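Input: a single structure, listed below in structure tokens.
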Amino acid sequence: MAGTLEFSPDDRYNAFITTCRQAPFSDGALAGTAVAVKDNISTKGIQTTCASKILEGYVPPYDAYVVELLRQAGAAIVGKTNMDEFGMGTTTETSAFGPTQNPADPSRVPGGSSGGSAAAVAAGLVPMALGTDTGGSIRCPAAFCGIVGLKPTYGRVSRYGLIAYANSLEQIGPMAQTVEDVSKLMSVIARYDPRDSTMIDRPYDHRPSAEIKGLRVGIPEEYFGEGVDPRVAESVRDAVGILEGLGAETVPVSIPGMRHALAAYYVICTSEASSNLARFDGVRYGPAVDTRKSWHEAYQDLRQELFGAEVRRRIMLGTFALSAGYAGKYYAKAQIARRNIREDFERAFCDADVIAGPTMPTTAFRLGERSDPISMYLSDILTAPANLAGIPAISVPCSTVDGLPVGLQIMGRQFEDERVVDAAFAYEQEVRA
Amino acid sequence: MKTIVGLEIHVQLSTATKLFCGCSTDYRDDEPNTHCCPVCLALPGALPRLNKRAVEYGLRVAKALDMKVLEESEFARKNYFYPDLPKAYQITQYDKPLAVEGTVEIEDDEGHEKIVRITRVHLEEDPGRLVHVAGGSKYSLVDYNRSGIPLLEIVTEPDMRSPQEARRFLNKLRTVLEYLGVFDGEREGGLRVDANISLEGSERVEVKNISSYKGVEKALTFEVTRQKNLLRRGQRVTRETRHFMEGRGITTSSRSKEEEHDYRYFPEPDLRPLRVADWVAAIDLPELPTARKNRFMTQYGISLNHARTLTGDPKLADFYEAVAHVDPVLAATWVADTLLGELNYRDMGIAAVPVERIAELLALLRSETITDTAGVQVLREMLDTCAAGKPCEPPAMIVEREGLARATGDEFTQVVEKVIAANPHAVEDYRAGKKGALNFLVGQVMKETRGRADPRELGKIVSEYIDTGGV
């Protein structure tokens with residue numbers, strides 16, 4: 001039943017950077033399903049910008065592996081969604097194409113960086129979307145917009161074709177209205193790809209099950225402490241109570257390494273970014289470099305002009321963190337902190353099968369509310385640890401505070417994405433029933 | 001004043017595909033930017049995938065140089081901007097190279113064996129190439145065909161003591177690499193060298209990017225002279241990087257600004273650490289140059305010099321072994337001295353020479369059907385035919401057609417008589433005891449017979465003829 005999907009959405013929240021009016025599709029598990037793809041995932045023949053001026057007009061000559069898989073499964077790629085420039089942000093406000101609004105409250109941000117994908121799903125423009133998660137970029141907007149988003153285990157989904165921000169942290173993952181759809185999309189994209197050397201051949205073939213009797217749910221004190229809105233903490237505790245009602249038992253766990261998590265996260269992601277983003281020089285793609293200037297001057301001017309302020313800030317931070325005389329103090333120490341957090345989680349997962357807490361410390365901010373970078377960075381505190389540890393984490397909506405969605409985050413052991421999906425599914429089925 | 005030289009050699013490994021993608025490495029005669037893909041063009045989102053064969057080639061070298069292969073090695077990013085470097089970082093190896101601590105045996109300037117220690121070998125990718133358009137154009141073009149070609153960087157300890165030693169080291173290294181089948185010496189730009197040179201007690205100078213074997217010796221010789229002159233004038237050698245201008249044979253100081261690089265190395269997050277130490281046991285090394293040289297001397301009874309020359313190139317050694325059955329010592333002389341000289345003169349490779357024909361030629365020489373002089377003539381004719389791309393005639397046919405068979409009997413006598421009759425003065429001079437006169441007469445006979453007579457034998461015959469007044 002191959003065909004073409006007409007797609008002309010009322011994009012009132014500015015969820016898309018590019019839409020495809022005529023989206024071809026073919027047979028398969030997702031035949032004819034409209035899927036939106038975050039604009040940092042390469043799509044052959046469709047402009048891919050990372051929401052940056054420096055890639056404006058860049059049309060990739062190849063598909064990311066996940067896009068190849070989507071097409072094989074029959075999905076119709078209907079558009080490329082808005083995001084923070086190169087994924088660098090928590091609100092989708094750093095996009096060169098303007099901010100996306102939160103469909104739950106248009107005066108609020110949708111979260112980020114996959115804000116466009118979350119908004120497109122939340123507004124009902126598409127049933128499913130792909131996001132990417134480097135430090136919470138799938139789970140944060142899922143929580144803020146009231147949808148489901150899964151950050152898979154590191155190495156479970158191919159990054160081939162994902163325009164790198166921080167290679168060692170990020171994964172592509174599914175976003176949808178329901179856990180079932182998230183799981184369905186996950187089973188399409190989680191296929192081994194030898195072109196991504198960091199992959200492990202562990203395809204995801206799973207139908208969610210609501211049976212969680214005896215599941216040990218770890219409750220880390222650090223996820224309910226300072227900086228977390230008490231009302232958010234409370235609604236998440238209520239959600240955990242529902243899991244208990246379904247036969248799960250709770251155990252207290254601790255992730256002491258959390259106190260260095262954000263610092264480690266920002267050193268690592270900016271270090272990697274400073275190197276990844278160096279290739280954008282206007283020589284091979286994007287707006288062309290001015291060949292009348294000397295090459296280094298031309299590079300400098302182009303990058304100064306076309307990268308946004310947050311991107312430039314992170315490139316400079318990362319360049320500094322890797323530079324001679326400082327790398328030992330920053331980059332090397334961040335790696336130690338990262339190892340500590342990974343070990344903390346390993347220990348915690350001896351006592352618990354999954355770990356639950358809030359996805360975000362607060363509900364969605366007002367547009368323009370968080371203007372200083374530090375307070376913005378702090379909001380990644382509950383999501384970044386899963387990226388540092390490489391473990392799967394899902395955000396599933398659990399009630400609201402002042403009418404704004406709150407996300408319940410469930411993390412699992414490496415390659416136990418299925419278990420995380422099941423716990424979220426059990427909760428979702430119970431509260432929706 | 002002791003000269004101290006250490007080298008960093010970049011060798012292009014002769015794998016069929018690039019280090020991190022499936023693009024073909026055989027681009028020499030092709031248009032620019034025709035051997036490229038998202039990976040080697042560094043398109044956004046592309047990821048490197050390590051070529052196992054390149055790792056295996058690196059390990060072969062490590063094993064041949066008796067190195068210690070690290071339990072875990074790692075790729076790292078070397079970050080710098082340059083228009084030929086599409087990712088703005090080079091994937092290389094930094095603090096965890098493939099292998100460390102090896103040795104290469106060479107001859108020192110006195111002809112004694114000496115050891116040059118190898119510090120490390122590591123894998124890395126070649127950048128693209130800038131093409132500067134002639135005619136003062138304001139821009140340069142970039143060709144990414146070379147981008148991603150696997151390089152093995154081989155770093156030595158500062159163990160060489162002269163430019164000549166450095167050249168000998170490179171020759172030896174190249175031979176080993178060719179024996180291992182990991183390097184094609186005929187590829188242009190396949191081997192590039194950075195040389196560190198200092199005079200004992202002085203600062204060290206690095207000469208970058210020398211792209212030929214001869215260039216290394218030239219650049220170093222220039223540097224020794226330059227540095228000695230500085231010291232002689234009471235000046236100091238500054239620690240710096242210099243560039244070798246191949247055409248002029250001199251080195252020039254690089255702008256120091258370019259050298260103030262902070263490469264911000266960090267482990268390449270797109271590749272896993274390499275654990276290949278246990279691959280080494282499975283690698284079967286071929287017979288290496290030193291072993292082959294020793295075998296040639298014992299098995300074929302040939303001289304050290306011939307054995308060394310013949311084993312200096314695996315193709316030449318193979319060629320020799322294919323014709324040695326005729327007469328190993330005769331074959332060694334002809335292949336190592338005559339044939340090699342003729343090939344160099346024509347800028348021809350040994351691969352173009354038909355083994356069978358040379359074996360036939362050697363058989364004609366061994367049976368004394370032709371003289372050495374005629375043999376050279378036949379050989380030249382054969383090589384000229386090969387060089388022109390035509391099928392090579394059997395040497396016996398050439399001998400017959402050109403009438404080059406060793407002169408004997410009546411024909412021979414007639415020529416001697418004729419020469420003696422035509423040169424009475426020379427005959428008188430000889431009788432008067434002038435030795436040079438005999439040589440002259442022999443030369444005349446040689447000329448008449450077009451080399452078909454053996455000069456030594458001829459000398460005897462001519463002198464006897466004159467002494468006895470007849471045949």
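In order, the protein sequence lines correspond to chains P and L.
So that you can map any letter, position 358 of the first sequence is 358 in the UniProt record's numbering, and since no number is skipped, the others follow by simple counting.
So that you can map any letter, position 389 of the second sequence is 389 in the UniProt record's numbering, and since no number is skipped, the others follow by simple counting.
A virtual CB, placed ideally from N, CA and C, is assigned to each residue, including glycine.
Bear in mind that the values here come from a model prediction, so they are computed numbers and not experimental data.
- Here P/I41 is not near P/L169, since their CB atoms are 9 Å or more apart.
- With a threshold of 9 Å between beta carbons, P/S113 makes no contact with chain L.
- Relative to the Cα of L/G148, the nearest Cα in the group L/R129, L/M160, L/A134, L/V133 belongs to L/R129.
- Contact annotation: in the segment 35 to 53 of chain P, residues whose CB is within less than 9 Å of a CB in chain L are N40, I41, S42, T48, C50.
- Its chain contains no residue whose beta carbon lies nearer than 6 Å to that of L/V376 once the 5 sequence neighbours on both sides are disregarded.
- Closest option to L/P44, judged by alpha-carbon separation, among L/K87, L/I4, L/L19: L/K87.
- Residues of the segment 124 to 155 of chain L with a Cβ closer than 9 Å to any Cβ of chain P, in chain order: K138, Y139, S140, V142, Y144.
- Contact annotation for P/I163 against chain L: P44, G45 [CB-CB distance below 8 Å, chain order].
- A check of alpha carbon separations from L/T290 across L/V419, L/R236, L/E113 identifies L/E113 as the nearest.
- Judged by DSSP in its simplified three-state form, L/D429 adopts helix.
- For the segment 74 to 93 of chain L, residues whose beta-carbon sits nearer than 7 Å to a beta-carbon of chain P comprise R77, N79, F81, P83, P86, K87, A88, Y89.
- Taking 9 Å as the threshold, the shortest C-beta distance from P/P106 to chain L does not fall below it.
- At a cut-off of 9 Å between beta-carbon atoms, L/D95 makes no contact with chain P.
- Excluding five sequence positions before and after L/I210, the CB atoms of its chain that fall closer than 6 Å to its own CB belong to V193, V216, A219, F244, given in chain order.
- Cα atoms of P/D181 and P/D27: separation of roughly 18 Å, rounded to the nearest angstrom.
- Secondary structure note for P/F16: its beta strand (DSSP E) is the uninterrupted segment 16 to 19.
- Not a single CB atom of chain L sits nearer than 9 Å to the CB of P/R342.
- For L/D270, the chain P residues whose C-beta falls within less than 7 Å of its own C-beta are N167, S197, T198, listed in chain order.
- At a cut-off of 9 Å between C-beta atoms, L/D262 counts as an interface residue with respect to chain P.
- DSSP, read as helix, strand or coil, puts L/M348 in coil.
- Assigned with DSSP and collapsed to three states, P/A348 falls in helix.
- A contact is defined here as three or more CB-CB pairs under 8 Å, and the segment 47 to 57 of chain L fails this definition with respect to the segment 70 to 84 of chain P.
- CA-to-CA, the gap between P/Q409 and P/L125 works out to about 25 Å.
- Fewer than three pairs of CB atoms, one per stretch, sit closer than 8 Å, so the segment 327 to 346 of chain P makes no contact with the segment 85 to 92 of chain P.
- In the three-state scheme derived from DSSP, where H, G and I count as helix and E and B as strand, L/E464 is classed as helix.
- In chain order, S271, E272, S275, L322, A327, Y331 make up the part of chain P whose C-beta sits under 9 Å from the C-beta of L/F266.
- Annotation for P/M175: the continuous beta strand (DSSP E) segment containing it runs 171 to 176.
- Beyond the five residues adjoining it in sequence on each side, L/S198 comes within less than 7 Å, by CB distance, of I4, R204, V205 in the same chain, given in chain order.
- At a beta-carbon threshold of 8 Å, the residues of chain L lying near P/T319 are R264, ordered along the chain.
- Of all residues in the segment 26 to 40 of chain L, only C37, P38, V39 come within less than 9 Å of chain P when Cβ atoms are compared, listed by chain position.
- P/A424 sits in a helix when the DSSP states are folded into three classes.
- For the segment 237 to 254 of chain L, the set of positions with a beta-carbon nearer than 7 Å to some beta-carbon of chain P is empty.
- Proximity of P/D27 to chain L, defined by a Cβ-Cβ separation below 9 Å, is not satisfied.
- Within the same chain, A437 come within 7 Å of L/D429 by CB-CB distance, once the 5 residues on both sides are set aside.
- Proximity of the segment 112 to 129 of chain P to the segment 13 to 32 of chain P meets the contact definition, three or more beta-carbon pairs being nearer than 8 Å.
- Against chain L, the beta carbon of P/A386 has no neighbour under 8 Å; the closest one sits roughly 17 Å away.
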